[in-house]
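Below is one structure, written out as structure tokens; comments come after it.
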Amino acid sequence: MISVILGLQFGDEGKGKITDFISRNYDDVVRFNGGSNAGHTVVINGKKFKFHLIPSGALQSNVVILGNGMVIDPDELIEEISLLRQTNKNIKIKISSGAHIVTKMHKILDKKEEEVRASLNIGTTSQGIGPTYEDKYARTGIRLIDLDDMDIVKEKVEIIYRMKKDLLNDTLYGSEEEREKMVNDLLTSGKEILQYMDYTEDIINDDYSRGKNILFEGAQGGMLDIDFGIYPFVTSSNTIAGAVSTGSGFSFRKVDSVIGVFKAYTSKVGSGPFPSEIINDNTLRDLGNEYGTTTGRPRRIGWLDIPLLKHTIKMNDVDSLAITKVDVLGRLDKIKVVTKYLLDGKEISYFPRRIEDFKRLEVKYEEFPGWGEINSSQSLGENGYAALPENLRNYIEFIEKETGKNVDIISMGEERKMTLAKQIFN
Ligand code: GDP
Ligand code: IMO
Ligand code: MG
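Per the numbering used here: the sequence shown = residues 253 to 678.
Okay, structure coming up:
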């Protein structure tokens, strides 16, 4: 079985939790995009694990792979590996030789670029993601495989500096001595991670030939995709299922199923249009404890948005849906869902591409009653789908009808065990 799991909204849909839950069915779990802008939370018996670079399947699978599509901060990775080893000593970690390296200079550039963007700033995670992808596509990027060659790394850092010195000159890295120091530190951390380097595209394809089950775990969400999200308020990589091929070297033709994860409502960190946003009412943020895993920033909150979901379902060719945080949403007496977009008063059947259009966009809602607290046997899914509160089942069935996709996984709490899986995922 070859599956892809990814987020259908603005990130933080609960991908980490669902990935962990289903990963026991897979031998290898592969990340193919993003870097430590991702924050994926897994909770098992009260213990919280936060993954940024390592795939969230690392607690239940045999092998985790960080693909060439990723951008990796070595210091961050070393720390994460040492934490993971405390729980899963035997896990095999493989990192693509072609993954790009985030340096301290890239993190500074991230902040500087945001300053230059001024009113068009994105609200990035300041993890150096954008500048690292910029250098990848400028063909000046530092790859993992470069990290044992002092001359190459030094030369590349100098090229990047020359290209971006307007931004760097009033920072620490305006100084040649500091850049040299950074290169030396990078080579030291490089030594520690080079032991995990491999030609992972070969490993993944060989494992496929041997009949292994492989899960590809997306970071971010469909609305943050650089091509199909709300540009420019997006991340710097493709986050949709198509990125599996370019970000790991594994053909899209061999993928059996695409699982799309969405929150029962919507959240977003950073700037940009958010059609279903709830303004001036923090009830859902407080109930759902909606603060960023990576940055701690309060997340913007909105209702579930069906037109948005349909767009990302289409872009990802989703087969099956997983809904999270129904325990949180159900506590409200009245729940709204955005069902239609109107532009200049007329209903539109497409997702707007022009940022200006969002200013004139009106949304139509449908209202649903809440379902209250989910009791403990319901939240564990012990008695199956039919035992869930009727209002919750109505909510889920409405989403299924609107999207034309089955909701096969229902998450009712942060704990791994608070999950109900219909069908194959059991
Ligand atoms: P990801 O980036 O998509 O992996 O999501 P994050 O981990 O950044 O954010 C999701 C948050 O919701 C985390 O704190 C999870 O522990 C939590 N979470 C996931 N599923 C559920 C759920 O069904 N109910 C509740 N209450 N919390 C959940
Ligand atoms: P996970 O995998 C939520 C957002 C940032 C910002 C924009 C660009 O945990 O779902 P970047 O640092 O990538 O250049 O920021 O994208 N963003 C995320 N929001 N979850 C994420 O990852 C995100 N990764 C990036 O807030 O708006
Ligand atoms: Mg997250």
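Glycine included, C-beta positions come from ideal geometry on N, C-alpha and C.
Asked                                                                                                                             : Found
Where the alpha helix (DSSP H) through residue 589 begins and ends                                                                : It is not in any alpha helix (DSSP H) - residue 589 instead sits in the beta strand (DSSP E) that spans 586–595.
Straight-line gap, residue 399 to residue 439 (C-alpha atoms, nearest Å)                                                          : 6 Å
Best match in 515, 550, 551 for proximity to residue 258 [C-alpha to C-alpha]                                                     : 515
Residue burial classification, residue 330 (beta-carbon count within 10 angstroms, cutoff 16)                                     : exposed
Terminal residues of the beta strand (DSSP E) in which residue 292 lies                                                           : 292–296
Nearest-angstrom Cβ-Cβ length linking residue 556 and residue 518, presumed shorter than 8 Å                                      : 6 Å
Segment contact flag, the stretch 625–635 with the stretch 663–672, C-beta cutoff 8 Å, min 3 pairs                                : yes
Opening and closing residue of the beta strand (DSSP E) in which residue 269 lies                                                 : Run containing residue 269: none in the beta strand (DSSP E); it sits in the alpha helix (DSSP H), 267–274.
Proximity to residue 566 [Cα-Cα], best of 474, 584, 319, 357                                                                      : 474
Residue 379 Cβ short of 7 Å to ligand 2 heavy atom set                                                                            : yes
Cα-Cα separation between residue 320 and residue 394, rounded to whole angstroms                                                  : 12 Å
Any 3 or more C-beta pairs closer than 8 Å across the stretch 502–512 and the stretch 568–585                                     : yes
Beta-carbon contacts of residue 496 that lie in its chain and below 7 Å, excluding the five residues immediately before and after : 256, 284, 468, 502, 504, 507
contact_flag[the stretch 480–489, the stretch 374–381] where n(CB pairs < 8 Å) is 3 or more                                       : yes
Nearest-angstrom Cα separation, counted from residue 261 out to residue 445                                                       : 32 Å
Through-space distance from residue 558 to residue 603, alpha-carbon basis                                                        : 11 Å
Cβ-heavy atom distance, residue 272 to ligand 3, below 7 Å                                                                        : no
Spatial distance of residue 654 from residue 550 (CA atoms)                                                                       : 30 Å
Residue ranges of each alpha helix (DSSP H) within the stretch 503–580, 4 or longer                                               : 535–539, 558–568
At least 3 beta-carbon pairs within less than 8 Å: the stretch 358–372 vs the stretch 458–466                                     : no
Simplified DSSP state of residue 279, which is helix, strand or coil                                                              : coil
Proximity to residue 308 [Cα-Cα], best of 299, 322, 273                                                                           : 273
Residue 267 versus residue 384: straight-line alpha-carbon distance, rounded                                                      : 24 Å
Paired residues, beta bridge with residue 671 - DSSP                                                                              : 663
Beta-bridge partners of residue 346, as assigned by DSSP                                                                          : 317
Near ligand 1: residue 268 beta-carbon under 7 Å from a heavy atom                                                                : yes
Exposure of residue 447, with buried meaning 16 or more beta-carbon neighbours within 10 Å                                        : exposed
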